[in-house]
Structure formats: structure tokens, C-alpha cells
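Residue numbers (our numbering), protein chains in the order written: chain A, 1 to 490; chain B, 1001 to 1308; chain C, 2001 to 2290. Cβ atoms here follow ideal geometry from the backbone N, Cα and C, with glycine treated the same way.
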């Protein structure tokens, strides 16, 4: 493959001045307790941990560390709320409460967007235009289902499960909270949710919204902590259902831990999606799809298109255009409205990514990165591509969870398909071709739960999401997302 | 897939090999340009760049020498109370007004662009179009803005359209040729891409979106497709072709987004009036108002900016 | 009538609602609405066939944009209508009382109307999921059936349910992407006109809902026979009335929707099948292959 550098000069001449989003209207407390039983309470062991801004390494706030006793208290509150108030309300009234959450989120959207970017590192443009609006939309969507469940399960009566324990990751903190809480509540359950330890703040603000929306105390409880707090939730005997989004490794642990119990569970785990570009694709738009698939949100996306397959006759052209496009991506301050790629979420994650970059080069692949400047402080990774790799490379097999793309070529549809499916993962996939029949053949044959044709990384509350194989079990979103939160009686 | 295998301008390229365009994808990319936030010194720089790229235009049936002179006066004196303003790139008029404009501009470094070839419809016999071009050039036009024959193009008569452009290019002599695709009549972005490739191979110095006489005129998606065509042509042939979106760009904020799109698609080399123009009439005043606002911190009123 | 020393009130003029505006009937005619004591409450526009004609034009024009709006947006707008109605509950209660309802009953009717709007707002992005299908045809084709709005719907709102009946028949029509022309209850028309004001404050695009007041006897035949109306909904009348509507509707194969004898205050009166009644089904085939 050609490695000629660009003939075009993207970084000389006219520059974009910093365009910082204002933060003076945003309220972040110095300390947050646990949200249990409708109020913020101090943690049992009086222990706290800090959450930092990965772009500046500055501390943002101090957040309670929930111990086993705190988790127990939260589950008790959730159980009491379930049998005492939530299940006794009419379904329509439950819906109204969920609608309230959606409306208040819309009202406070900008504040949430700023805090999401401060706490997690994603660009303000992403949190403002995607994360927060989608979060509100999820609450809206599921609010409407609350009194309509009989239509989603023909021939069956849908009954709530009880208490749901939910553990979410740091890549879309508020959105993942919405994905978990909204359907759970709509189906009549109550919730104990643990946000990721590096991104607790929007969950805490969401707790404020839930309190302000006057939800009956204990319907939603939010406990902050790390692995141990999560384990306490998974192992608690009075939790009826576990919902987890995170790495496949931890998903395995959870599935093992739950074995032998009656707990229901859904797992949304890792991925190594194949993004397949045929020679008859609209190439410029496919290149944009590649960028959208692996570089936005810093590649911290479980369904990221991290394995690119380009049909060989157009490989040089695609790589050249991709390199040009990479040069226009701005890596920097998440609060700058022009930033395309923000900070890597944590020092740990950056180290993981960098170890893969070293590994890739050790394995003999060619690495190419964009030449943009990055700030001095904070955790950063430039958009990176590897060529000269194959299915045997570890950087092609393992999930890196960063803005790093492995590029292979293929010749025929069958070959592309076979390599796309040659992975223990099966979360998502992408197909780029102008030919309709080929789209449906590919989407029919790729073994993954979400397939994007001539687009990538599109999400909607009405559209089910979830993986095949080791990418997880169960679906979130859409009508299909209700099933995980009900038991069906005849 | 690769563009045409033909590398010279003398033969019709194989248009069946022109890149496919996905409309939804283009619109998404175009929308992303509009989320760029251009502030402070980069905004001032952009606004001044826009001024220097404007083809100040009057193309009305009711144009008179008086109107054209006033336009030229505006071209020379955009807003004298603002210091360090660049001048516009050109004035754009009908062929019968070229001599008037040339005289009114004197030896100011502002070009005279003339539309020709039975603008805006293009519905006239070839010899009339050639003659009109020659007359405009003789009268002093530095640039000719021609229209392609859309009917022939839509019928698939690519050879006819190609030959016509090549012939007009020849009739231009030393003048630069801008080829107007009239994208609003082409219907799909695939056709826009195809017309761009055809025009460049036929000898266009610039490709231009529209006459501004029908809706839609210039849009970000259409312009993006044309910029991508220019980029791929440059990679193939090493020949730069200029770009001019025209019509429908009356607000400075939108024009700044066009510049963002230009920068992120073609880069620095195209960011001069030599390779990029805005076909506009009221844009200049909005840009001036924005510049005044940047200088004083206060929102402006149109009452304070001359309308010519 | 003002007591001495107290403020002279300003009486409201009740107009009709066409294309997002509040014109008077082009016919200039009116009828007096009286309360139980025979006092005149208001002069109500006696809508004409020309008002209906103009309304259909407005509804048809608005259809392209409204049907192309996302389900999410339509749901947001319906929810907004509920918010606006909730904010003006007192006004509507007062109007229902003026027209002869007890305060308690009026309160219940207003609350039920708000909740019904929320109910249908929640269906906007879901009815497609329960009524569409992917069909497992035996050839190598991807085959799917989806619902699409039928177009312009003429609604003869229930005569005995001035607010709830109106809402119950308007919401399922528009949440599905249709536009409509609604003839308000003749007996209790006030809420219909005030409801138009709520619509006006709710980001509902002009022409999506048009509300006329007037005499059933005069206007029914136009509601039933207009060639640019795709469906007609009626809620009252005996079998002869129904037959008349059905016969006139036949000229352009209008979809005829009979909702006579529905108890609007019952929960069974709200369900997604009311949405489906004003939807068409489109099935598409596409080959699967290389």
C-alpha cells in the first residue's frame, strides 16, 4: 500500500482560535454522597475518592465510596420502594415520572453537557449534540412504554422483576445511565445503579434531577464506587436482575458469579467490529464513516469500527483520503467547541492504548498518526492507523478502546465476510457499497447484533442494540429492550 | 474507484468511472462543518478573507450603466471607515456592461468577470455563445462565467457538453473560464460530481455551483461534492482548479462555514482569491457589519453600511 | 353583567382555526350558544362549506411536512400540547361548567384529556414497531411492511364530549402523521376553540389541525364527500346517518371510520388501533445477493 504523504496542506495558514464553552453556569459540588432512598447520604465508612478532569488532571470533586453496607442499604431502599410505592402506582403515573426526568434533562442540557466533558474527556460537541439529547430521548421513549407493555408482549402479561442492579461504563456516562434506568423504570422495576469510578458526576446530577422530579424515594438509587462496589451489587441476594455494560473480562466474571442463582442478566460487552468498504462504495462518505467509527469519542466505543477491511482495488485511495481527513481532526481541550477528539478517559486507559501501539509496531505493522499538536497536561492519543496487519496480529484481535484502526484488504465478498466473522466478538459491523442487494446479503451474513450499512455509529432509542457471542447477551433500546426487565406470565 | 484514466484535458473522460456520492453522508459531513466555532482573531481573519474572495455581482435585466458604476464604486470603497480592508476580487456583470465596469474600476486591482453563453439558461446556438464570449473578452473581461447546457447533460450528451466547454475556453483567450454547473437543475449529487469532472477535464479554470437565478443555488453539500472532485482531480493531474459557490450565501456566518469546509477539504493552497470566490451581492455588507461588531463589540445596523 | 364597583369583564370572541390562524367564518353567519337558563354564552361561528374547503387545502399543504417529521418530534409536540393544556386547566374547567357540566365532572374531563394526549404522545415512536413486520418471503428478497399516514382526515368529533371526545379523535390521527379538519361538538363547542389556542401555543405546524364550529346537518355531507380527503371519522348518528356518510365517502374510496357509541371516558377508548385506522401499509421488496 502507498505511503505517500499528503499533497494538501491542512494545518498551515488560517487557524481556528480557541472557542471555549463557558462553564460559569455549571454547578459541581466539592463532595457528593450516595443517593439512597431519595436523598444524598454519607457513606457508611466515611470514605471518598476523587474524580479528575482527564484533560487537565485536576480534581473536580470528591465522591463517596460505597461499601457493602451502603449497597445493602440501597438495595433495601429499592426493594421497599418497589413493593411499597412503585408497583402500586398506575402504569401511566410511572410513565409520567419518567417523562419528567426527560423534560428536566432537556432544560438542564447544557450544564450536563459541560460536566460530562469535564469529567470524562469527551468533546463538548459530542456531549452537547449527541450524549445529552440522546439521554433525554431514551427517557422519553421508555416513559411512553410504561402503560403499553401489553402490546409489546402479545399473549403474555408483563410483570416487573423487582430490583435491578446496574453497572455502567465511563465512555458514555449519562447515556448509559439513561439506557439502564429508563427501561427498568418503565417496566415497573426499581434500580440500584453504579456509575464508573472515573465518571460519576453526571450520574450525581441525574440523581438531583430524579429528586427534583419527585420520584418516590428509593425508586432510583445511585451508589458510587469501583470494582468492589460493583461486586457487592452483583452478589447481593435481593437483586433480581443485573445489567452490565463494560469489558468482556468483567462480563465473564459477572456471569460466573451469578451462576446458580435466579438472577436474570444482560451483558453488553466489548467488540472489535469490522468496517467493510467495497470498491463500489461512495468512497468519500465511506472515509467519513471510518472516521466516525473509530476516532470520534476517542475510540472509546464498544461498537467502534476498529478493523477496517477495504477491497483491494480501492485500498490506496481510501488510505490516502483517510490520512488527509485525519490531518483535519483536532485533538485537544474537550471544552473547546472545535475539538474533534478529546482526552483519553484515564491514565490507565492511555497506558493500555500505548501498550497496543508498541505491540503493533513490535509485531511489524506500519503505524501512521496524524501530526496535530496535543496539549502538555492530560491524557491524549492522536488518531492512529496500522497497515500491514492481518487477522493474526493481536492489535487486530484484541479490543484497544482508543482511536486506533487496523487496516486490512480483501478481494471478494466471501473473504471479507469470513474475516469479519473471524472473531469471538459480535457487537457491530459496517458495510459500504452502493449496491442494495449486496447490502442485504452482507447484513444477513455478518454475525453481529448491529449492522450499519453506508453509515456508522448511529443510535436511537427506538433501535435495539446488543451483541452476538462474547460481545454480550441481551438487547437494549427499542421494543426489544423491554424484555430484559419483565417476567412474562401467561 | 479511481477517477478517469485520462490525464490530459483534451479528451472526454470516462464518466462511468466517476465516484459515487451518498447524499445522506454528504449532508452529515456538511452539517459537521457548521458546528465549527470560529471566534476572535480567526473570525476577523476569515471575514477579511471572505471580502477578498467576493465577486460583487449584479445580473439583472434592469441593470444600467449607472447601476454598474455604483457597484464598482462599492467594490472600491467597501466601507472606508474600517481600516485595512482588502478589496473584493471582482465585479461580475452581463457582457454589455463589461466596458462600463472596466472603465469605472480604473486601475484598481479588481477583476471584471462577465457571464456569457446565454446566461442564465444557456439556451442559444453555439455560435452565439462563442461570439458573446469573444465580445466580452474584447471589452476587457478578465474572467468569463459560462453555463453548461444542462438539457444536453441530463440527456447524457456528455461529448456535446465537453466540446462546448472546450470551445468556450478557447474563445476566452487570456481570460479565465469559470464553468457554472447550475447544480439546482442537475438533481442528484452524483450528477454534480460527474459534471464537475467533465468540466475540469474540458479545461475549466474554476467550477461554479449556480447562476443564482433559480433555487436551490449554492449549498454546503453541493459545494462539498465539487471540492472533493477538485481534490481528486488535483491528485490525479497536479492541476489546480478553482471553486466558486454562488447564490444563497448572504450571511457572513454561513460564508465562514464555507471557508471551514474549504480549509478541511483542500487546505491552504486554495484559500486565496486566485482559487476561491463567493458569488454574492449582499454578503459583503453582512461581513462588514460583523467586522465592525468585532472591532467595537457592539451589534450593528444595516443603516450604517452603503447599499449599492 | 357587572355588579356596581366591580370590574367590567371582556367577553371572548370564539372564532374558528384554519391554517394556524383564527379567522371568522367566511360566511359571516353565527349561532348563539345558550346556557341552561337560556342566556347567551357566546356567538359561535356557523362554519360553511367554504371554510371546510379552505381547511382541507391547509391540511393538504401541511401534510408533506408533518408526515416527514420524525416520530420523536411528533411525540414531543403532543407532549407539549399536554403541557399547555395542563397549564390552562382552569380555563377549560370553567368553559365546561359554563356549558352545563358539574365542576367535578369538568375537572375529570380535563385531566382525562391531558392524560390521553400523553398516552398518544408515547405511541408516536412505538406504533410502527408493533404494527410493522419483516415478512419471510420464500424468494431471496428482503421484504418489509411499514405503516404510512393516509393523508388528510376529516373528523366529526363527538357531540356529547366537547373536550375529551375532540382530543380522543384528534390525537391518534396526528400522532400518526396525518393532518385533519375537525368539526367540533355542536352542543358544546367552546372547548374546541380554546383547544385551538392550545395547539397554537404548542409548536404544532399550521394546517396540521384545523377546527371548525357549525351545524352538523349542514357540514357533514362536505366532510364525507370532499375528493381530497382520505378518511372520514364519525362518532354520532343513527344507521341512516352512517349510511349517508358511507355512500358519499365511496366516491373516492375514502377510509370510513365508525366510532359511534364509544364511551370516551373509558380507558378502552384509547389504544393504538385508533392510530392504525388512519394508516396505510406499504410493503417493499429488495433482492438479497451480490
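Counting only beta-carbon separations shorter than 9 Å, does residue i have a partner in chain A?
i	result
residue 1290(B)	no
residue 2081(C)	no
residue 1035(B)	yes
residue 1254(B)	no
residue 1259(B)	yes
residue 2288(C)	yes
residue 2123(C)	yes
residue 1006(B)	Residue placement at residue 1006(B) is poorly supported in this model, since its pLDDT is 36, which falls under 50; the coordinates still yield a value, given next. Taking Cβ atoms only, chain A never reaches closer than 9 Å to residue 1006(B), which makes this a no.
residue 1020(B)	yes
residue 2115(C)	yes
residue 1243(B)	no
residue 2237(C)	no
Are residue i and residue j closer than 9 Å when you measure CB to CB?
i	j	result
residue 69(A)	residue 44(A)	yes
residue 465(A)	residue 483(A)	no
residue 2217(C)	residue 2046(C)	no
residue 2086(C)	residue 2163(C)	no
residue 2123(C)	residue 2272(C)	yes
residue 230(A)	residue 67(A)	no
residue 1168(B)	residue 1096(B)	no
residue 1216(B)	residue 1225(B)	no
residue 1308(B)	residue 1073(B)	yes
residue 1244(B)	residue 1206(B)	yes
Are any of the Cβ atoms in chain B nearer than 9 Å to that of residue i?
i	result
residue 295(A)	no
residue 337(A)	yes
residue 74(A)	no
residue 108(A)	no
residue 1(A)	Below a pLDDT of 50, predicted positions are generally treated as unreliable, and residue 1(A), at 33, falls in that range; the measurement from the model is reported next regardless. No, because no Cβ of chain B sits closer than 9 Å to the Cβ of residue 1(A).
residue 450(A)	no
residue 131(A)	no
Rounded to the nearest angstrom, how far is the Cβ of residue i from that of residue j, given a contact under 8 Å?
i	j	result
residue 1148(B)	residue 1137(B)	At roughly 19 Å, the Cβ-Cβ gap does not stay under 8 Å, so residue 1148(B) and residue 1137(B) are not in contact.
residue 344(A)	residue 381(A)	5 Å
residue 300(A)	residue 459(A)	At roughly 15 Å, the Cβ-Cβ gap does not stay under 8 Å, so residue 300(A) and residue 459(A) are not in contact.
residue 1255(B)	residue 1278(B)	6 Å
residue 275(A)	residue 308(A)	5 Å
residue 1177(B)	residue 1146(B)	6 Å
residue 2066(C)	residue 2155(C)	About 15 Å separates the two Cβ atoms, so there is no contact after all.
residue 119(A)	residue 53(A)	7 Å
Between residue i and chain C, is any beta-carbon pair separated by less than 9 Å?
i	result
residue 413(A)	yes
residue 281(A)	no
residue 286(A)	no
From what residue to what residue does the alpha helix (DSSP H) around residue i run?
i	result
residue 89(A)	No alpha helix (DSSP H) holds residue 89(A); DSSP gives it neither H nor E.
residue 2171(C)	2164-2175
residue 323(A)	315-327
residue 1159(B)	1158-1172
residue 2195(C)	2190-2200
residue 1290(B)	1283-1296
residue 1151(B)	1150-1154
residue 2141(C)	Here residue 2141(C) belongs to no alpha helix (DSSP H); instead the beta strand (DSSP E) covers 2141-2149.
residue 2273(C)	2273-2276
At what residues does the beta strand (DSSP E) containing residue i begin and finish?
i	result
residue 2284(C)	2279-2287
residue 2234(C)	2231-2234
residue 1145(B)	1143-1147
residue 1200(B)	Where residue 1200(B) is concerned, there is no enclosing beta strand (DSSP E), although the alpha helix (DSSP H) it sits in stretches over 1189-1201.
Original post:
In the region 359-409 of chain A, which residue ranges form an unbroken beta strand (DSSP E) of at least 3 residues, counting only runs that do not cross its ends?
Top reply: 366-369, 384-387
Original post:
Of all the beta strand (DSSP E) runs that stay within the bounds of the region 1024-1082 of chain B, which reach a length of 3 or more residues?
Top reply: 1054-1057
**OP:** Could you tell me which uninterrupted alpha helix (DSSP H) segments, each at least 4 residues in length, are contained entirely in the region 445-479 of chain A, listed from first to last along the chain?
**Re:** Listed in chain order, nothing qualifies, since the region 445-479 of chain A has no complete alpha helix (DSSP H) run of 4 or more residues.
Original post:
Which full runs of the beta strand (DSSP E) of 3+ residues lie inside the region 249-293 of chain A, going along the chain?
Top reply: 264-268, 274-277
**OP:** Could you name each continuous alpha helix (DSSP H) segment of 4 residues or more that falls completely within the region 2083-2130 of chain C, going from the start of the chain to the end?
**Re:** Given a length threshold of 4 residues, each whole run of the alpha helix (DSSP H) inside the region 2083-2130 of chain C is given here in chain order: 2089-2098, 2103-2123.
Original post:
Counting only runs that start and end within the region 16-57 of chain A, where is the beta strand (DSSP E) found for 3 or more residues in a row?
Top reply: 34-36, 39-41, 48-53
Original post:
What are the complete beta strand (DSSP E) segments, minimum 3 residues, inside the region 198-253 of chain A?
Top reply: Segments of the beta strand (DSSP E) lying fully in the region 198-253 of chain A: 220-222, 241-245.
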